[in-house]
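**Q** Residue numbers (the working numbering): 2 to 655.
Cβ atoms here follow ideal geometry from the backbone N, Cα and C, with glycine treated the same way.
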Ligand code: FEO
Ligand code: CA
Ligand code: CA
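1. Sorry if obvious, but does the Cβ on residue 348 come closer than 6 Å to a heavy atom of ligand 1?
2. Let's see if you can read the secondary structure: which residues bound the beta strand (DSSP E) around residue 653?
3. For residue 531, which of 577, 513, 486, 542 has the nearest alpha-carbon?
4. What are the residues that DSSP puts in a beta bridge with residue 120?
5. What would DSSP say about residue 315, mapped onto helix, strand or coil?
6. Is DSSP giving residue 430 helix, strand or coil here?
7. Go to residue 272, then tell me how far its alpha helix (DSSP H) extends in each direction, as first and last residue.
8. Assuming residue 353 and residue 330 are in contact, meaning their beta carbons sit under 8 Å apart, how far apart are those beta carbons, in whole angstroms?
9. Terminal residues of the continuous alpha helix (DSSP H) containing residue 109?
10. Under 7 Å, CB to any heavy atom of ligand 2. Which residues pass, going along the chain?
11. Verify whether the separation of the beta carbon atoms of residue 358 and residue 447 is less than 7 Å.
12. From what residue to what residue does the alpha helix (DSSP H) around residue 157 run?
13. Considering only their Cβ atoms, is the gap separating residue 177 from residue 128 smaller than 7 Å?
14. Should residue 250 be counted as a contact of ligand 1 given a C-beta to heavy atom distance under 6 Å?
15. To which residues of the same chain is residue 316 closer than 6 Å at the C-beta, ignoring the five residues directly before and after it?
16. State the start and end residues of the unbroken beta strand (DSSP E) segment that holds residue 163.
17. I need the DSSP call for residue 322, collapsed to helix, strand or coil.
18. Whether or not the segment 364-382 and the segment 237-247 are in contact is what I'm after, with contact meaning three or more pairs of Cβ atoms, one per stretch, closer than 8 Å; do they touch?
19. Alpha carbon to alpha carbon, what distance is there between residue 104 and residue 636?
20. Look at the Cβ atom of residue 302, then the Cβ atom of residue 232, and state whether they are nearer than 7 Å.
21. Rounded to whole angstroms, what is the Cα-Cα separation between residue 153 and residue 622?
22. With DSSP run on the structure shown, which of helix, strand or coil describes residue 90?
23. Report all residues from its chain with a CB closer than 8 Å to the CB of residue 267; omit the five preceding and five following residues, and keep chain order.
24. Please report how far the alpha carbon of residue 187 lies from the alpha carbon of residue 83, in whole angstroms.
25. Who are residue 383's beta bridge partners in DSSP?
26. Could you check where the beta strand (DSSP E) with residue 346 kicks off and where it finishes?
27. Is residue 343 close to chain D? Criterion is C-beta to C-beta, closer than 7 Å.
Here it is in structure tokens:
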């Protein structure tokens, strides 16, 4: 922690102590234990053993590694007994005829065949399809964002031409690569027939209730059914039928220009922070990103896209039934009655958690995209009470979602999902990032990465801290349905808080209670978690937590990286630090092979730092400075996918 932030935290501590104490019992026991009493009519909630500082001896975690130091360094680091290696970097070959990486040439054509920038979500899909192969598969990797200022030194980045825009557009999207483990080492299969780039110029179909709607029609696509590209793909998920759901997150920053005067789009564009002068400059070079020329183009972004990585000729599809907002992730599970449930967070301060339930059950006999399940169903917004979370349906004509409130159809409800969530009084969360389901217990974990804007009078049970600098993780518990399976389609769940990020205070110094600002973990935790973002489960159901402090690591004074904890037993919420990102980077997309022996992770924006002299801008690249991962003069820092394995063999984490 820097000296400045130490002072800020100290001041906050005093204020919070005066304002209110939230006792450990009321937060971790009352929030859960009390739930049991009020929910007896809803069968089947099984409470896990709750994290209780002082109730269990230190060092009880089932994880087999020791914490690594929380130290910012140019080189990354992994726990003793483990080996990390770089699998693929920005600019490496994806398609067989891709040119070699050239750190000084701006080229959209080259980038279209090379690994994109700022890797985020990673999906591992075994080969052959349907197998549990853990030594051969496909990786589907999102490329969330990137500007030439992060890719090239200032003298190249600043001489902006349309080619700069072309390279940025091709650096976005996703890559599909084939990977294989031979003699213990993972490598990318060169010349794979599965290899594919999907970018901002790939043709993508639009399906579901908003497809063909007037608000999705443009001069280039009068049908409103076909769009070029996907943008700001953050996290995602894999469906039971082997396709990938990839999510458009901060799509707002790619559209600029003024809407026509009096446009009915203005109110909702404002709700999404679409601005006349966005951070991104594409609208200067490409007419479709300029709202004064194409006011509807932005309505074709902000969706979840389904892609079949096993078929490189298949057309991706934007599934509008799942709603339009800044989707962080899309996690798919099957409810006991066979219906598909997709969880997604809307990543912004004070936005909502959503789930979507298909109208029809999953049919395992139908292959891949043929399921077509994701076009018909109901989107719900989460409303957290003291002990339960209610899922309120977002259906045109029901409740406040009517013409009087500006909705003319279900398509309107989906295009303006945030507004529908407002009217349904969804619970404003502390930046909902990843939402994932434990493969062992069926419990649902939703990550709040933080919310510096929340004031004391805006706290609610699921977001219990004002000025939430370090984030927290919410645990939702569906009731048990048929065959003893978690019923994800149910309309009421129980919930609890798994942990609160930040430095843990010693309750002994505060009258036996935790001060409200304190971090909260299982007993024995020796590290501090700051800003959880992407999470994953290993096959044993342990939670792995990637962090993202948004480049500015000076607040916490520690690197981003990968943490892990048990979710049951004495090690519940005992957090350990496993992997430290290189300076400037966040940790995205952790993904395990089915046997848990390999962990893939995406190191995003290595080497980046906010300029002290020019706040709001990045420190320019210096190619003479050796940078992760190559440490070769002349090569820039490069976002990369890494592979981590256990030296003694066996599952990562033991
Ligand atoms: Fe793209 Fe919410 O992180
Ligand atoms: Ca994220
Ligand atoms: Ca992030």
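**A** Reading it off the structure:
1. yes
2. Residue 653 -> no beta strand (DSSP E), and no H or E assigned at all.
3. Per the Cα distances, 577.
4. 144
5. coil
6. strand
7. 267-272
8. In fact, because the Cβ distance is near 14 Å, the residues do not count as touching under 8 Å.
9. 109-112
10. Per the Cβ criterion, the list is 121, 235, 236, 329, 348, 434, 435, 534, 535, 549, 589.
11. no
12. 155-158
13. no
14. Within the cutoff, so yes.
15. Cβ-Cβ distances below 6 Å link residue 316 to 206 in the same chain, with the five nearest sequence neighbours on each side left out; the list follows chain order.
16. Per DSSP, residue 163 lies in no beta strand (DSSP E); the unbroken alpha helix (DSSP H) holding it starts and ends at 163-172.
17. helix
18. yes
19. 6 Å
20. yes
21. 6 Å
22. strand
23. 260
24. 15 Å
25. 392
26. 340-346
27. Looking at the structure shown, chain D is missing, and only one protein chain is on hand.
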